[in-house]
Amino acid sequence: MLTRPPATAATLPTPSADALAASEALASAIAADIAAAGGWIGFDRFMELALYKPGMGYYAGGSRKFGTAGDFVTAPELSPAFAQTLAIQLQQLQTCCAARLIEVGGGSGKLASDLLLEMERQRRLPESYAILELSGELRRRQHDTIAQRAPHLLPRVRWLDELPGRFSGVVLANEVLDAMPAHLVHWQAGGIGERGVTVARGRFAWADRPASGHLLERALALAGECGIRPPYLSEISLAAPAWVRQWARILEHGVLLLIDYGFPRHEYYHPERAAGTLMCHHRHHAHDDPFYLPGLQDITLHVDFTAIVDSGCSEGLDLLGYTSQSTFLFNCGLTDILARTPADDPLRYLPLANAVQKLVSPAEMGELFKVMALGRRISEPLCGFRSGDRSASL
């Protein structure tokens, strides 16, 4: 038994026997990886295996992740109003660059189906809609969702196995960066350590080793830039900025549109955030123990948007806008989308209004989630950032 219950285990639903067996199998595989590495792996490697190990990891397995029957609810799952509003920005971009769209990490397929239906309604369907999805199980779910909700548009959708060599158009990534493996770094009085995972007395356990190489360089630079004072534990993502740089080299003319939860660097490494942002989600319960039920829970961390813009701009992209999700949606006409449903039809209007409230409320998704646009050869100001642009805060 390699997993351990978090402090909130009493409030968490009990998985089925089959799910527990699958989690144990993944835990054993991770333990074997630790043994092969000499008894210790960095947390980034643990997170990679727990989420993406083929056939076993959380995003590679068969459990339902999204929506009320899953572990968490994303903006597209809350209401079609999210995609309908986002489509306004995408339609503007189709006049600025090629009318091609790649969605990275297509989730349940709800965003794709809602976007396509809205763009069809506006008579502005993209020339092509591709979904970059490595999980075979999620591909099947996306295919089934689109086939059910927009069957006549399914022939327009294709799935990609890898990043294209070159691309012009829009690359859309909603809640992708937060699930990229990251390092845990422990600033201490005696030096800077990398927090990793070992096996002790039959369970996964934390163990620190001295940070080295590029990770140590980043940790030292952050300590100086943000005034980090030990003891301080947080994350440094090297994968997310590298992913943005990779797309920047591919993008010839177009926009990388990123939607995720996070902060600019000075807020990310704030003195009051001395325990980091690592969080796990299982059946709509949040806790901070990544060792609990590997493969059956999501593991996420907030995004350092300063690192994202730095990486994109280092490869020649321009920062076209950065703002809160709430501001972005209102700029794109969310109020008009809401007005399509008559307020005197409470059976339709009230659920929609409640969902929209979650999308824009500062206490829900409206403030924590941010929208960032990075582009190449785009000169027209984007409607989603026409007011409330926070680019200067980065």
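When you read off a place in the sequence shown, starting at 1, and then add 1, the result is the number in the working numbering.
Ideal Cβ placement from N, Cα and C applies to all residues, glycine included.
Excluding residues up to 5 positions away in sequence, VAL105, LEU259 lie with their Cβ nearer than 6 Å to the Cβ of ALA174 in the same chain. Looking at the DSSP output, LEU257 shares a beta bridge with VAL172, LEU375. Following the DSSP letters along the chain, one finds PHE306 in no beta strand (DSSP E) but inside the alpha helix (DSSP H) bounded by residues 306-315.
Between GLU368 and SER325, the C-beta gap is smaller than 9 Å, which places the two residues in contact.
Selection PHE205, ILE193, LEU257, LEU223 evaluated against PRO232 yields ILE193 as nearest (Cα-Cα). Spatial neighbours of ALA151 in its own chain (CB-CB distance under 6 Å, excluding positions within 5 residues in sequence) are listed in chain order as SER114, LEU117, LEU118.
Looking at the backbone, the Cα of GLU253 and that of ALA276 are separated by about 40 Å. DSSP, reduced to helix, strand and coil, places ASP319 within a strand of the structure shown. Sequence-distant Cβ neighbours of LEU164 in its own chain, meaning closer than 8 Å and more than five residues away, are LEU133, GLN247, TRP248, ILE251. Within the region 175-203, the complete beta strand (DSSP E) segments at least 3 residues long are 184-189, 192-201, listed from N- to C-terminus. Straight-line measurement puts the Cα of GLU49 at about 29 Å from the Cα of ALA190.
By the Cβ-count criterion, GLU226 is exposed, with fewer than 16 other Cβ atoms from all chains shown falling within 10 Å of its own Cβ. In this structure, LEU375 sits near CYS314, with a CB-CB distance shorter than 9 Å. Between SER136 and TYR60, the C-beta gap is smaller than 9 Å, which places the two residues in contact.
Close CB contacts of TRP41 within its chain, under the 8 Å cut and outside five residues either way in sequence, are with ILE35, GLY197, VAL198, THR199, ALA208, ARG210 (chain order). Contact between PHE386 and GLY317 does not hold, since their C-beta atoms are separated by about 20 Å, which reaches or exceeds 8 Å. In the displayed model, LEU52 falls within a helix according to three-state DSSP.
TRP160: member of the beta strand (DSSP E) spanning 158-161, first to last residue. Its Cα nearest to that of VAL158, the residue ALA131 stands out among VAL172, GLN92, ALA131. Counting C-beta atoms within 10 angstroms of its own C-beta, GLU195 has 16 or more neighbours from the protein chains shown and is therefore classed as buried. Looking at the backbone, the Cα of ALA220 and that of ARG274 are separated by about 16 Å. Shortest Cα-Cα distance from PHE370 to any of GLU176, LEU185, GLY166, GLY58 involves GLU176. Burial check for THR146: the Cβ neighbour count within 10 Å reaches 16 or more, so the residue is buried. By the beta-carbon neighbour count (other beta carbons within 10 angstroms, threshold 16), ALA183 is buried. Using a Cβ distance threshold of 9 Å, PRO291 and PHE83 do not count as a contacting pair.
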